[in-house]
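Step one of this worksheet: look at the structure below.
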Amino acid sequence: MTSETNSTNIHGLSFHGPLSSPSCFRNLSINGTNIAEIIVLGRVFCSLTGNPLPNIEASGLAGVNVALVCNGAQGSLGEALTNATGFYNIVLKTVDGITFDKSLCSMAVKLPVDNCILLPPTGTLTATITLVSIVQTALGAVANFLGGIVCL
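If you number the sequence shown the way the working numbering does, the last residue is 152 and the count never jumps.
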C-alpha cells in the first residue's frame, strides 16, 4: 500500500485474472463472461508496523470510509464504511452504468483515520484490487474482488 506521504505494506490473496480494456459496465466482460455485478471485499486495521501481527488476532477499525476509485477520477465508483470488525463490502450493479478497468482501479482511505495514530495526519493510502472469482447467479455473473487487507 502506498501513500502520498508514507509507504505502508499491504497483505492479501494473490489471485490474478485479466480484465478487458475500459468499457461501459453494462458490457463488461471478464474472460469472455459478461459481468452483471462487481463486489469488492476487504478489511482495514491498525498495527504498529503496518503489517498484520504474527499469531495475534488483530481487531479491525470500525467506521473507516473506504472508496473504490478508478482512472484517476476525483470521485469514487463506490464507498463503504467498515463494520465493527473492520471489513468493508462495495457492490456495483450494471444499472450504475460505470466505466471499469481493474488495472486502473484501487481502494483508497483518506487520512487521518480515527483510532489509528500511527499514520501521518494527511494523505491518501491506496491499494490495488485483485480478481478472486466469477460466480454465475440467477441475475447474471458476479465478479468478486479482494480489496486487500488494508494495514494502517
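Beta carbons: idealized from backbone N, C-alpha and C, even for Gly.
These numbers were taken from a predicted model, which means no experiment stands behind them.
So residue i and residue j are in contact, right, with Cβ under 8 Å, and what is the actual spacing, rounded?
| i | j | result |
| --- | --- | --- |
| valine 66 | glutamate 79 | 7 Å |
| methionine 107 | isoleucine 129 | 6 Å |
| valine 44 | glycine 86 | 5 Å |
| proline 120 | leucine 111 | 6 Å |
| cysteine 105 | cysteine 46 | The Cβ separation is near 24 Å, so there is no contact. |
| valine 40 | leucine 68 | 6 Å |
DSSP has residue i in a bridge; who is on the other side?
| i | result |
| --- | --- |
| valine 69 | Ser106 |
| leucine 146 | Leu41, Thr130 |
| asparagine 34 | Ser29 |
| valine 135 | Val142 |
| glycine 60 | Phe45 |
| leucine 81 | Asn65 |
How would you call residue i, buried or exposed, if buried means at least 16 neighbouring beta carbons within 10 angstroms?
| i | result |
| --- | --- |
| alanine 84 | exposed |
| serine 59 | exposed |
| glycine 63 | exposed |
| glycine 42 | buried |
| leucine 139 | exposed |
| lysine 102 | buried |
| glycine 75 | exposed |
| isoleucine 156 | A query on residue 156 cannot be resolved here, the shown segment of the chain reaching from 1 to 152 and no further. |
| isoleucine 38 | buried |
| glycine 32 | exposed |
| leucine 146 | buried |
| threonine 126 | buried |
| leucine 61 | buried |
| threonine 157 | A question about residue 157 goes unanswered here, because the residues of the chain that appear run from 1 up to 152. |
| alanine 143 | buried |
| leucine 28 | buried |
Starting from residue i, trace the beta strand (DSSP E) both ways and give me its first and last residue.
| i | result |
| --- | --- |
| serine 76 | That residue, serine 76, is in no beta strand (DSSP E); it is neither H nor E in DSSP. |
| leucine 125 | 124–128 |
| valine 91 | 87–93 |
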